[in-house]
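J.: In the numbering used here, the protein residues as written are 10 to 236. Mind having a look at this structure? Questions to follow.
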């Protein structure tokens, strides 16, 4: 990873300012996309770090697609694994698939036999509560986690996780819309094939692969055999 910030000198008029519920009336597509990028860098990724670098890499088309992010030691995977929404739905997946617990359904998340879905709808405090809205989920938006049990030892599970994410203009617009305003409706495009030169924000596929170890099965679960 490295700093790849771009379009730092591109001018955009005040009409491009991102205000909730107020799409800009006099603003070119390029100017509006620059404004969105700078807004995200300033307010969604204000602390900098690896997720702002991911934003830069997507918008500036600095990384080839797909990106493979492997191992729990990668800080991006570590952020996902420690996220309160991820942890809550991981526990729910274990409860439903290993303890037979029937969970309440929600339009903001779902759990099935192969994993779970977490939906980005700020500020709705669903799975994980407000703490689930971090730099990681600001970049990922809504996501699906595919889970595979690698082994079971007594009351502990060792689980392999794969999260696929595509960052594109529709997903960027969706995140901003979830934050309180219908800012845009731009079509997705491949890298180097955007509507202006230089191309910005081409589709960037990511695969986040990591293991989580020692996930406890609920004590009341009949499948949990204590030593």
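A virtual CB, placed ideally from N, CA and C, is assigned to each residue, including glycine.
Mind checking which residues open and close the beta strand (DSSP E) that includes residue 225?
T.: First-last of the beta strand (DSSP E) with residue 225: 213–225.
J.: From what residue to what residue does the alpha helix (DSSP H) around residue 7 run?
T.: Coverage of the chain is limited to positions 10 through 236, which leaves residue 7 absent and any answer about it impossible.
J.: Compute the distance between the beta-carbons of residue 97 and residue 136, then report whether it is under 8 Å.
T.: Closer than 8 Å, so yes.
J.: Should residue 107 go down as buried or exposed, given a rule of 16 or more other Cβ atoms within 10 Å for buried?
T.: The residue in question, residue 107, is buried, as its Cβ has 16 or more Cβ neighbours within 10 Å.
J.: Excluding five sequence neighbours on each side, which residues of the same chain lie with their C-beta closer than 8 Å to the C-beta of residue 116?
T.: Counting only Cβ-Cβ distances below 8 Å, and skipping sequence neighbours, we find 128.
J.: Taking the straight line between their C-alpha atoms, what separation do you get for residue 164 and residue 130?
T.: Distance between the alpha carbons of residue 164 and residue 130 is about 34 Å.
J.: What did DSSP end up calling residue 82 once you bin it into helix, strand or coil?
T.: Here residue 82 sits in coil by DSSP.
J.: Expressed to the nearest angstrom, what Euclidean distance is found between the alpha-carbon atoms of residue 145 and residue 35?
T.: If you take the alpha carbons of residue 145 and residue 35, they lie about 32 Å apart.
J.: Compute every distance between the C-beta of residue 64 and the non-hydrogen atoms of the ligand FMN, then say whether any falls below 7 Å.
T.: Of the ligands one can find in the structure shown there are none, so the ligand FMN has no counterpart to examine.
J.: Could you work out which residue in 89, 204, 16, 43 is closest to residue 217 when comparing CA atoms only?
T.: The residue with the shortest Cα to Cα distance from residue 217 is 89.
J.: Go ahead and pull the three-state DSSP assignment for residue 11.
T.: Bear in mind that the predicted position of residue 11 carries a pLDDT of just 46, short of 50, making it unreliable; the figure below should be weighed with that in mind. Coil.
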